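**Student:** Just so you know, we're using this note's numbering here: the sequence shown kicks off at 663 and counts up by one.
The C-beta atom is built at its ideal place from N, Cα and C for all residues, glycine as well.
The structure presented is a predicted model; accordingly, all values stated were derived computationally and were not measured.
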Amino acid sequence: MTTPTRAYACTDERRRAALSRHPVLMGIDFLEVSASQHELTVFFVPAATDESKTVVPPGVGVENVMISGGVRITTVHVTNVAVGDRPNTLVITVDDDENPANGVGDFSPYRLRLVDVADLDPLFAQVEFSLKVECPSDFDCALVAVCPPEVWPEPEIDYLAKDYASLRRLMLDRLSVLLPDWQERNPAGLHVALVEMLAYVGDHLSYEQDAVATEAYLGTARRRVSVRRHTRLVDYAMHDGCNARVWAQVRTEADGVELPKGTAMLTRVDGFPTRLPEGSSELDRARTLVPEVFETMHAVILFVAHGELRFYTWGNRECCLPLGTTSATLAGRLPNLHAGDVLLFEEVRGPRTGVPKDADPIHRHAVRLLQVVPGEDPLGGQFVTPAHADTVPVTEIAWAAEDALPFPLCISTRGDDAEFEDVSVARGNIVLADHGRSIAEEFADAVADGTATERVAGPNRPAGYAPAPRYARFRPKLREAPLTHAAPYGDPASASAAMRWSMRDALPVVTLFRAESSARWLPRRDLLNSGPADENFVAEVENDGVAHIRFGDDRFGLRPAVGSRFTAAYRVGNGTRGNIGAEALGHVVTNEAAVRGIRNVMPASGGTEPESIEHARQSAPSAFRTQERAVTPDDYARIAERHPEVQRAAATIRWTGSWRTVFLTVDRLGGVPVDPVFEEQMRDFLEPFRMAGFDLEIDGPRSVSLAIEMTVCVGPNYFRGDVRSALLDLFSNRLLPDGRRGVFHPDNFTFGQPVYLSRLYAAAQAVAGVVSVRITRFERQGSPSDQALADGVLALERLEVARLDNDPNYAERGIFRLTLNGGK
C-alpha cells in the first residue's frame, strides 16, 4: 500500500483539526533535530478534548521507523526508539556510516515514515525534515510553498509597428486571437473604435519618443534649438546670422537739423515721396509693399554745406589722391565739420569724358576724420575766375590709416576736348544705418502659476520634506520674423572698423519690459553666466525663423513672477536681404520738413545668413580643440599671429632670475615698428592666453641690412634712365602703382627666411630692356664676405629679418647700387 504524502500547500489545515478530535487515529505533527543531529524528537498531533486518548502509538520500535532521502549520504540508520520526556513525543536515535564527528546525513532533505503502526492516519504517518537545520544559516528554516501564477504565452508583437496603420493592424490581429468569434470590422463598432483610438494615441506617443531620441544627439538633431544647445556644450556658439549696415547721405535744406537715432529709411518704392511723415497713410501704404527697412545707428546733425564738398588742389591741375592716401584738402571754411564725422568720397564724373554716367561706381570710399584743421591759401585768389589777390579759406582733413584710399581717386583731369574739375567730391551728412524694422508687441499670456507636486511619495519620504513646485512653462514667441541680430555699435576709430565685427558679438535685438515695473530684461547668448537676480533671457530661433523667449529658473537668471505681463520691443530684418545695392534707399521716415531725401552711395554689407545646422554639426566637434592657452614658445607665436597686424611671430622662454619671461618677437605687416602703443595692444591681446607666473616682453625683429651691387647690360633700343627707374622701383621696399610689392617689401620676408640670389636674377631679367645681369656684391651690410655670393643664398638666424630700404637718409638700413651699361 502506498503511503499518501502531503503534496498540497494549504493555508487552512482542517484535516489536522479533525485528526485532533478523532478518538482513535493518531498522526505525526512535526519533528525536531537535536544539536548533535543524532536524536530526532517526533511530536504527534495532540488530542483536542479527550485527554484519555492515546496520542503516541505504543510499541514503536526500530523496525517501524524508516528514513529515506539524502543525496550524498543516503543510509541513515535508526538505532533506538523511546518515548520522550516531553508529552506526545518519541525520541529516535539515528546514525550513518560516515564520520560521526560531522553529524548525521547531508544538507539535502530527508523523510521519516512510520510503518506497520496501528491507528495511524496515513497522511500524517510521515514528515519531511533536514538533519542540518541547526547549522548556521541566513535563511528561515521553514519551507515556503511557492505557488507561481500561471504563465501565459507572450503575444506575438511587431516592435516595428510605430504608426497609426501598423498599430491598428497589430491590435486587430491580437483581438482575432483572443476573440475568435468576433468577426465584425465596422468602424462604428465599439471594438474598432477603441482600437483606432489607441492606435491614434500610440502614433503620437511613438512620434514623441522618436522626436526625443532624435533631438538627444548632435548627429541626428533636426531642430535648430537642439543643435544650438548641443554645440554650446562644447563651447561652440552657433550664430543666427547678422544684419547689414550701410552708409547713407541725408539731404537737407536747413542747417542744424538733427536726425535722431532710430530714424527709419526704406528702400525705393515707386510712386511715393522721398520723405514719409511718421504715422501717415503714405507710410502705411508703402509698408504694405514690404520694402527693406534700415534705421540709423546714431544721431547726426545736418548742414547744407556738407551735402557736397569740393577738393582743393592748391591751383594745380590733373590731380588725384594716390592709393593709400590718408589726408586731403577741402575748399572753403567748414566750421561745422569736426573730427569723428564721416565723409564719403565719390567719383561723380568720368575722368575721360566728364560725363556723370561714365563715373566708376567702385570709386566710392568712406573715411572717419581724425583731424579737421582750418587754413588759408595766400595764393588761392589767383586760381579763381575772376582772379583776385585775396586769400582763399581751405580745410585740411586727415583720417585713420585703416581708412586709407584703396584706389587712386581722380580729382581733376584733362579729357579729349576739355579740362574737367571736380571729377570726385566728398559728401558729408553721412549716417550709419543697419537693417531691421522696430516693432513693439505685448505678449497675450501672462506667467502662469505653479502647482505643488510630490516628487517623493510613500513611506520612504524623508522627514520635513515639502512638495517641490513644478512651474508652468512660459515660452512666449515673437509674432514676426526674422528677428534681427546685430553686433553692438560703439565708437569706432575708423569707418572701416564700423563695417567689421565678429559674429560672436551679434545678439538678438529684442528687449522685454514688464508691465509691473520699469526694469528692462536684456538678451544673452545663454544664461550660464547669469545670476539668480539677473533679468536676462535667451531668444532661441527655430528653423522657421520664429524666436521663442526662454527665461531663467532662479538659479541661472531670474524667473519672472507669477502673473507678470511682458511687452517686447524688437526688430525684424536679418541676413543677406539687407545687402542692398548702391542707390537702393529712397525714403526717410521723419516729420522734419527740411529733410529732402536720402541716398546710399555705397552698397550695404555685412548681412549674414544664420549658420546652417549642418555647418554647426561639422564644426562644433573640432572647434573646442582650438588652442586657447599659451604654454610652449610655439603657442605664444601662433596665438600672436592671430592678431590682424602681425605677419609672423617667434617666442623664447627664459629664466630671468626670479621667474620665467616670454620674449616675443613680432614682425608687423608692412614692416611697421613695434612701438609702445602696439606693444600694449599685444599685451592685452595675449593676456587671456598667457600662463600665470610668466612675464611677457615684446620687441621687434632683428633687421639684417643687405648690401647688393648689380651690373646690368641694357638693350640698344632702351633708355638707361628708364631701365634704372624700373629696376629701382622693382628692388624697392614700397608698394608699386600696379599693386605689386617691391622685391624688398617688408611683407616679403619674415623670421629666418633666407635671401636667394636666383630670385634677384629672375626679377631683374624680367624688366623690359635688361639683356644681362651680374651681381657683384651680395652680403650683410658691414660684414664683407663673398660666401653668400658663392653659395647663392644669404642665411639668416631664427629672429633675423632681411631688410633693404635703399634710403640715402638711412644708409644703415641697406644699400642697392646699380651700374648700367649699353642702352641709350
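Can you tell me which of Asp674, Val896, Val889, Glu1273 puts its alpha carbon nearest to the alpha carbon of Pro1283?
**Tutor:** The candidate whose alpha carbon is nearest that of Pro1283 is Val896.
**Student:** What's the C-alpha gap between Asp1296 and Gly1362?
**Tutor:** Cα to Cα, Asp1296 sits roughly 17 Å from Gly1362.
**Student:** For Gly1484, which beta-bridge partners are listed by DSSP?
**Tutor:** Gly1484 is bridged to Val1376.
**Student:** Specify the secondary structure class of Asp1467 as computed by DSSP and reduced to three states.
**Tutor:** In this structure, Asp1467 counts as coil in the three-state DSSP scheme.
**Student:** Give, in chain order, every unbroken run of the beta strand (DSSP E) that is at least 3 residues long and sits entirely within the stretch 849 to 918.
**Tutor:** Whole beta strand (DSSP E) segments, 3+ residues: 907 to 914.
**Student:** By DSSP, does Asp1022 sit in helix, in strand, or in coil?
**Tutor:** Three-state result, Asp1022: coil.
**Student:** What does the alpha-carbon distance come out to for the pair Ala1201 and His1210?
**Tutor:** C-alpha separation (whole angstroms): 6 Å.
**Student:** Measuring CA to CA, which of Ala878, Ala1001, Tyr1423, Phe965 is closest to Glu915?
**Tutor:** Ranking the options by Cα distance to Glu915, first place goes to Phe965.
**Student:** Can the beta-carbon of Leu774 be found closer than 7 Å to that of Val789?
**Tutor:** Yes, they are a contact pair.
**Student:** When you compare each of Gly1355, Met1344, Glu1290 to Trp1317 by their alpha carbons, which one comes out closest?
**Tutor:** The option with the nearest alpha carbon to Trp1317 is Gly1355.
**Student:** Under the DSSP definition of a beta bridge, which residues are partnered with Pro1138?
**Tutor:** BP columns for Pro1138 are empty, so no partner.
**Student:** Going by beta-carbon coordinates alone, are Asp865 and Tyr821 separated by less than 7 Å?
**Tutor:** Contact: no.
**Student:** Assign Leu782 to buried or exposed, taking buried as 16 or more other Cβ atoms, counted over all protein chains shown, within 10 Å of its Cβ.
**Tutor:** Burial call: buried.
**Student:** Please list the terminal residues of the continuous beta strand (DSSP E) segment that includes Tyr1232.
**Tutor:** 1228 to 1234 is the extent of the beta strand (DSSP E) around Tyr1232.
**Student:** Which word fits Tyr1232, buried or exposed, when buried means at least 16 other C-beta atoms lie within 10 angstroms of its C-beta?
**Tutor:** Buried, since its Cβ has 16 or more Cβ neighbours within 10 Å.
**Student:** Alpha carbon to alpha carbon, how far is Asn848 from Ala823? Give it in angstroms, no decimals.
**Tutor:** Whole-angstrom Cα-Cα distance: 23 Å.
**Student:** Between Arg1026 and Leu1006, which are expected to be in contact by the criterion C-beta below 8 Å, what is the C-beta distance as a whole number of angstroms?
**Tutor:** Going by Cβ atoms, the distance from Arg1026 to Leu1006 rounds to 7 Å, so yes, they are a contact pair.
**Student:** Can you have a look at Tyr862 and say buried or exposed, based on whether 16 or more other CB atoms are within 10 angstroms of its CB?
**Tutor:** The residue is exposed, with fewer than 16 neighbouring Cβ atoms inside 10 Å.
**Student:** Buried or exposed: Arg1330, going by 16 or more other Cβ atoms within 10 Å of its Cβ?
**Tutor:** Arg1330 comes out buried.
**Student:** How many angstroms separate the CA atom of Trp1061 from the CA atom of Ala1159?
**Tutor:** If I take the Cα positions, the gap works out to 13 Å.
**Student:** Gly1476: buried (16+ other C-beta within 10 angstroms of its C-beta) or exposed?
**Tutor:** Buried, because 16 or more other Cβ atoms sit within 10 Å of the Cβ of Gly1476.
**Student:** Taking only three categories from DSSP, how would you classify Phe1413?
**Tutor:** Note: Phe1413 maps to coil in three-state DSSP.
**Student:** Since Gly1090 sits in a beta bridge, which residues does DSSP pair it with?
**Tutor:** None, per the DSSP bridge assignment.
**Student:** How long is the line joining the alpha carbons of Asn1395 and Pro1408, rounded to whole angstroms?
**Tutor:** Each residue's alpha carbon lies about 6 Å from the other.
**Student:** Please say whether Leu1067 and Trp1140 have beta carbons closer to each other than 7 Å?
**Tutor:** Before going further, note that residue 1140 is Leu rather than Trp in the sequence given. No, Cβ-Cβ distance for Leu1140 and Leu1067 is not below 7 Å.
**Student:** Pull up the CB-CB distance for Ala1168 and His901, whole angstroms please, since I reckon it's below 8 Å.
**Tutor:** That pair is a contact at about 6 Å.
**Student:** Give me whichever residues DSSP pairs with Asn1198 in a beta bridge.
**Tutor:** Answer is Leu1184, bridged to Asn1198.
**Student:** From Leu752 to Asn726, what does the alpha carbon distance come to, in whole angstroms?
**Tutor:** Distance between the alpha carbons of Leu752 and Asn726: 12 Å.
**Student:** Taking contact to mean at least 3 C-beta pairs separated by less than 8 Å, is the stretch 1224 to 1231 in contact with the stretch 1172 to 1189?
**Tutor:** Yes: the two stretches touch, three or more of their Cβ pairs being nearer than 8 Å.
**Student:** In this structure, does DSSP put Asp820 in helix, strand or coil?
**Tutor:** In the structure shown, Asp820 sits in coil (DSSP, three-state: anything other than H, G, I, E or B).
**Student:** If you follow the beta strand (DSSP E) that Leu752 is in, where does it begin and where does it stop?
**Tutor:** Its beta strand (DSSP E) spans residues 751 to 758.
**Student:** Quick one: what's got a C-beta closer than 8 Å to Val931's C-beta in the same chain, skipping five residues either side?
**Tutor:** Correct list, in chain order: Ala948, Leu951, Pro953, Gly1248, His1249.
**Student:** Tell me the DSSP bridge mates of Tyr1418?
**Tutor:** In the DSSP output, where bridge partners are listed per residue, Tyr1418 has Val1455.
**Student:** With a CB to CB cut of under 6 Å and the five nearest residues on each side skipped, what residues in its chain are close to Ser888?
**Tutor:** Glu877.
**Student:** Kindly identify the DSSP beta-bridge partner or partners of Ala1160.
**Tutor:** For Ala1160, which the question treats as bridged, DSSP gives no partner whatsoever.
**Student:** I need the DSSP call for Phe1045, collapsed to helix, strand or coil.
**Tutor:** If DSSP states are grouped into helix, strand and coil, Phe1045 belongs with the helices.
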